[in-house]
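**Student:** The structure under discussion is supplied below as structure tokens; questions concerning it will follow.
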Amino acid sequence: MATYKSDFLHTLESRGFIHQVSEPEVLDQLAKTGQVTAYIGYDCTAASLHVGHLLPTMMLRWMQKTGHRPIALMGGGTTRVGDPSGKDESRRLLTDEQINENLKSIRQIFARFLKFGDSGNDAVMANNADWLNTLNYIDFLRDVGRHFSINRMLTFDSVKLRLERQHELSFLEFNYMILQAYDFLELNKRYGCRLQMGGSDQWGNIINGIDLGRRVAGAQLFALTSPLITTASGAKMGKTAAGAVWLDPNLVSPYDYWQFWRNTEDGDVGRFLKLFTELPLEEIAKLTALKGSEINEAKKVLATEATAMVHGREEALKAEATARTTFEEGALAENLPSFDAKKSELEAGIGILNASVQAGFVSSTSEARRQIKSGGIKVNDVTVTDEKMTLTPKDLTQEGVIKLSLGKKKHVLLRAV
RNA sequence: GGGGGAGUGUCCCGAGCGGCAAAGGGGGCGGACUGUAAAUCCGCUGGCUAUGCCUUCGCAGGUUCGAGUCCUGCCUCCCCCA
Numbered sequence: 010m011a012t013y014k015s016d017f018l019h020t021l022e023s024r025g026f027i028h029q030v031s032e033p034e035v036l037d038q039l040a041k042t043g044q045v046t047a048y049i050g051y052d053c054t055a056a057s058l059h060v061g062h063l064l065p066t067m068m069l070r071w072m073q074k075t076g077h078r079p080i081a082l083m084g085g086g087t088t089r090v091g092d093p094s095g096k097d098e099s100r101r102l103l104t105d106e107q108i109n110e111n112l113k114s115i116r117q118i119f120a121r122f123l124k125f126g127d128s129g130n131d132a133v134m135a136n137n138a139d140w141l142n143t144l145n146y147i148d149f150l151r152d153v154g155r156h157f158s159i160n161r162m163l164t165f166d167s168v169k170l171r172l173e174r175q176h177e178l179s180f181l182e183f184n185y186m187i188l189q190a191y192d193f194l195e196l197n198k199r200y201g202c203r204l205q206m207g208g209s210d211q212w213g214n215i216i217n218g219i220d221l222g223r224r225v226a227g228a229q230l231f232a233l234t235s236p237l238i239t240t241a242s243g244a245k246m247g248k249t250a251a252g253a254v255w256l257d258p259n260l261v262s263p264y265d266y267w268q269f270w271r272n273t274e275d276g277d278v279g280r281f282l283k284l285f286t287e288l289p290l291e292e293i294a295k296l297t298a299l300k301g302s303e304i305n306e307a308k309k310v311l312a313t314e315a316t317a318m319v320h321g322r323e324e325a326l327k328a329e330a331t332a333r334t335t336f337e338e339g340a341l342a343e344n345l346p347s348f349d350a351k352k353s354e355l356e357a358g359i360g361i362l363n364a365s366v367q368a369g370f371v372s373s374t375s376e377a378r379r380q381i382k383s384g385g386i387k388v389n390d391v392t393v394t395d396e397k398m399t400l401t402p403k404d405l406t407q408e409g410v411i412k413l414s415l416g417k418k419k420h421v422l423l424r425a426v
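For what it's worth, my numbering labels the leading residue of the first sequence as 10, then goes sequentially.
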């Protein structure tokens, strides 16, 4: 890889964000001498962003930090179509109301990463529904459609794979790549946007936009993609048993978010520190050099930094402290997740099976039974052996709570109210 | 339109002579070992008021003491012919 002269590309490169860049020298020169505007597209199929969105969002953040202007493009229009890339089945289509609601809540999450506004290199949030929804079909075909070769489109992986595997690919989905190319063109017109970034699977789509821009507007546009992130042991990143790791504190608490990063595999710590925190590289190098179990210190730093980015430093430190008391001191931490139980019910005795379900770490009493059988459930750090056991006021600790645990990592407090 | 094939445990893939809560994987969860890691090994992986009861094999009926398995109709997908 070339060594970049611009802060922007140099930073991305040295932190491991770059997979492919089109015309790297030209882009580097542009970024060095002036302000570049770039965008990344996000779909709005969910009401929150998750860990998988973190990497592209960090790219936007670094962009802004190095003096350039980021655009977060919300796919309010394209979400109505669905990207076929890498999927065998069509995405379910969402209603406009759903899409708009999702947009609203996602907007708030973005505000934590980027400074939005109207001046200098303030970030812009655009929504492609603004231009896609009002498209006139005939005009679009004539102005844009003529530049796309079906022959060529059929060779793109996203299409080819679907066809080879004999899976359905509707015309609607087939158009996705055209719309995405059009987005690039439109953002170029509206904001002078010249660079589109995205995951490596977006390369083909981005190139389409570049071609369209050259043909229609005579613009020189650029592509930059980031590598696909998997864990050292090959699993997809950001998935846990409970599903996606959301960035919304109402969906995944700061404590759980901290825990997610704390449990990073050894082999990923260095890479993740570079990608998901803003610590200087020298410091990361020091942390990565730690051997054996000392690497746990690096994981804590990763967890706290990553959590601070999304939930604020205060929440991050609180999560760190809670983890320290719970795991390292074996003591009871007040800030563990908790749920309430009525005092009267507790006096009558709450069955451990039901309590486990209420605590949220098992989904049925049957599962609770199984966990007890294999020694996975603890009350106040004592393994439960009898599934008929009941919790009573006697089990309350001095702090007035009962600590329920599943396995070694999941702890929930029952509070009597 | 004609001929052939497929749809299985609501995470996925996939076996299944009429006795089936249904083989085997993957994934996940728990246990052991560790360092809240990985790898490895062991156990579990429909629900419930639980030595029993209830609900599951595309959908709806039927045959049978008994149906994932046989029959009929329907839906969806794929292949070949038109």
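Where is the CB? At the ideal position from N, CA and C, for every residue including glycine. Computed from a predicted model, the values in this text were never measured in an experiment.
Assuming TRP255 and SER57 are in contact, meaning their beta carbons sit under 8 Å apart, how far apart are those beta carbons, in whole angstroms?
**Tutor:** For the purposes of this step, residue 255 is identified with residue 246 of the first sequence, where counting begins at 1. For the purposes of this step, residue 57 is identified with residue 48 of the first sequence, where counting begins at 1. At roughly 5 Å, the Cβ-Cβ gap stays under 8 Å, so TRP255 and SER57 are in contact.
**Student:** Which first and last residues belong to the alpha helix (DSSP H) in which ARG70 is found?
**Tutor:** In the first sequence, counting from the first residue as 1, residue 70 sits at position 61. ARG70 -> alpha helix (DSSP H) spans 63-74.
**Student:** Would a C-beta distance cut-off of 8 Å place ARG203 and LEU230 closer than the cut-off?
**Tutor:** Taking the first residue of the first sequence as position 1, residue 203 is located at position 194. Taking the first residue of the first sequence as position 1, residue 230 is located at position 221. The answer is yes: Cβ separation under 8 Å.
**Student:** Sorted by chain position, which residues of the same chain lie with C-beta nearer than 8 Å to ALA241's C-beta, five sequence neighbours on each side aside?
**Tutor:** Along the first sequence, read from residue 1 onward, the residue named residue 241 stands at position 232. The answer, listed in chain order, is GLU274, ASP275, GLY276 and ASP277.
**Student:** Quick check on the burial criterion: 16 or more other C-beta atoms within 10 angstroms. Buried or exposed for GLY201?
**Tutor:** Taking the first residue of the first sequence as 1, we reach residue 201 at position 192. Exposed, because fewer than 16 other Cβ atoms sit within 10 Å of the Cβ of GLY201.
**Student:** Between which two residues does the alpha helix (DSSP H) holding SER114 run?
**Tutor:** Start at 1 with the first residue of the first sequence, and residue 114 comes out as number 105. Start and end: 105-119.
**Student:** Helix, strand or coil, according to DSSP, for ASP349 in the structure here?
**Tutor:** As a first step, residue 349 is located in the first sequence; it is residue number 340 there, counting from the start. Looking at ASP349 - three-state DSSP - the assignment turns out to be strand.
**Student:** Go through its chain and collect everything with a Cβ distance to GLN1's Cβ below 6 Å, but skip five positions before and after it.
**Tutor:** For residue 1 there is no data in the structure shown, the boundaries of the chain being 10 and 426.
**Student:** Between which two residues does the alpha helix (DSSP H) carrying PHE281 extend?
**Tutor:** By one-based count along the first sequence, residue 281 stands at place 272. Its alpha helix (DSSP H) spans residues 278-285.
**Student:** From TRP140, ALA307, THR54 and LEU64, pick the residue whose C-alpha is nearest to that of GLY25; which is it?
**Tutor:** Against the first sequence, residue 25 aligns to sequence position 16. Of the candidates TRP140, ALA307, THR54 and LEU64, the one whose C-alpha sits nearest the C-alpha of GLY25 is LEU64.
**Student:** Would you decide whether VAL426 is buried or exposed? Buried here means 16 or more other CB atoms lie within 10 Å of its CB.
**Tutor:** In the first sequence, counting from the first residue as 1, residue 426 sits at position 417. VAL426 should be labelled exposed.
**Student:** In this structure, how does DSSP classify SER128 when only helix, strand and coil are distinguished?
**Tutor:** Mapped onto the first sequence, residue 128 falls at position 119. Here SER128 sits in coil by DSSP.
**Student:** Hey, LEU413 and VAL391: beta-carbon distance below 8 Å or not?
**Tutor:** Counting from 1 along the first sequence, the entry for residue 413 is found at position 404. Counting from 1 along the first sequence, the entry for residue 391 is found at position 382. Against a cut-off of 8 Å, the Cβ pair of VAL391 and LEU413 comes out as no contact.
**Student:** With distances taken Cα to Cα, identify the nearest neighbour of THR406 among MET398, LEU422 and LYS417.
**Tutor:** Looking up residue 406 in the first sequence gives position 397. If we check each option's Cα against that of THR406, LEU422 comes out closest.
**Student:** Tell me which residue opens and which closes the alpha helix (DSSP H) that PRO460 is part of.
**Tutor:** The displayed coordinates of the chain run from 10 to 426. Any statement about residue 460 would go beyond what the structure contains.
**Student:** Express the C-alpha separation of GLU314 and LYS327 in angstroms, rounding to a whole number.
**Tutor:** Here residue 327 refers to the residue found at position 318 of the first sequence. Here residue 314 refers to the residue found at position 305 of the first sequence. Computed Cα separation, rounded: 12 Å.
**Student:** What is the C-beta distance between THR54 and THR88, in whole angstroms, given that I count them as a contact (C-beta under 8 Å)?
**Tutor:** On the first sequence, residue 54 is found 45 positions in, with the first residue counted as 1. On the first sequence, residue 88 is found 79 positions in, with the first residue counted as 1. At roughly 6 Å, the Cβ-Cβ gap stays under 8 Å, so THR54 and THR88 are in contact.
**Student:** Less than 8 Å separating the beta-carbons of LEU194 and ASN137?
**Tutor:** As a first step, residue 194 must be located in the first sequence, where it is residue number 185. As a first step, residue 137 must be located in the first sequence, where it is residue number 128. No; because the gap between Cβ atoms is not below 8 Å, this pair is not in contact.
**Student:** Would you kindly work out how many angstroms separate the C-alpha atoms of GLU292 and ARG280, rounded to a whole number?
**Tutor:** On the first sequence, residue 292 is found 283 positions in, with the first residue counted as 1. On the first sequence, residue 280 is found 271 positions in, with the first residue counted as 1. Those two C-alpha atoms are separated by around 13 Å.
**Student:** Assuming the contact rule is C-beta atoms closer than 8 Å, VAL153 and ILE187 should be a hit. Round their C-beta distance to whole Å, please.
**Tutor:** Your numbering for residue 153 matches position 144 in the first sequence. Your numbering for residue 187 matches position 178 in the first sequence. Confirmed, about 7 Å.
**Student:** Just mark SER302 as buried or exposed, buried being the case when its beta carbon has 16 or more other beta carbons within 10 Å.
**Tutor:** Position 293 of the first sequence holds residue 302. Answer is exposed; the Cβ neighbour count stays below 16.
**Student:** Please classify ASN272: does DSSP put it in a helix, a strand, or coil?
**Tutor:** One-based indexing of the first sequence puts residue 272 at position 263. Coil at ASN272, not helix or strand.
**Student:** Going by the DSSP bridge assignment, what does THR399 pair with across the sheet?
**Tutor:** One-based indexing of the first sequence puts residue 399 at position 390. DSSP lists GLY360 as partners of THR399.
**Student:** May I ask you to report which of helix, strand or coil DSSP gives ASN136?
**Tutor:** Along the first sequence, read from residue 1 onward, the residue named residue 136 stands at position 127. ASN136: strand per DSSP, three-state reduction.
**Student:** With ALA232 and GLN205 assumed to form a contact (beta carbons below 8 Å), what rounded beta-carbon distance in angstroms separates them?
**Tutor:** As a position in the first sequence, residue 232 is number 223, starting the count at 1. As a position in the first sequence, residue 205 is number 196, starting the count at 1. Going by Cβ atoms, the distance from ALA232 to GLN205 rounds to 6 Å, so yes, they are a contact pair.
**Student:** What are the residues that DSSP puts in a beta bridge with GLY154?
**Tutor:** Residue numbering aside, residue 154 sits at position 145 when the first sequence is read from its first letter. Its beta-bridge partners do not exist; DSSP assigns none.
**Student:** Assign ARG161 to one of three DSSP states: helix, strand, or coil.
**Tutor:** Residue 161 sits at position 152 when you count from the first residue of the first sequence. If DSSP states are grouped into helix, strand and coil, ARG161 belongs with the helices.
**Student:** Spatial neighbours of LEU288 within its chain, please: C-beta separation below 7 Å, excluding the five flanking residues on both sides.
**Tutor:** On the first sequence, residue 288 is found 279 positions in, with the first residue counted as 1. Answer for LEU288: LEU282 and GLU314, listed in chain order.
**Student:** Answer with buried or exposed for ASN160, where buried requires no fewer than 16 other C-beta atoms within 10 angstroms of its C-beta.
**Tutor:** Position 151 of the first sequence, counting from 1, holds the residue named residue 160. Looking at its Cβ environment, which holds fewer than 16 other Cβ atoms inside 10 Å, ASN160 is exposed.
**Student:** List the endpoints of the continuous beta strand (DSSP E) containing ARG78.
**Tutor:** As a position in the first sequence, residue 78 is number 69, starting the count at 1. Where ARG78 is concerned, the enclosing beta strand (DSSP E) stretches over 78-83.
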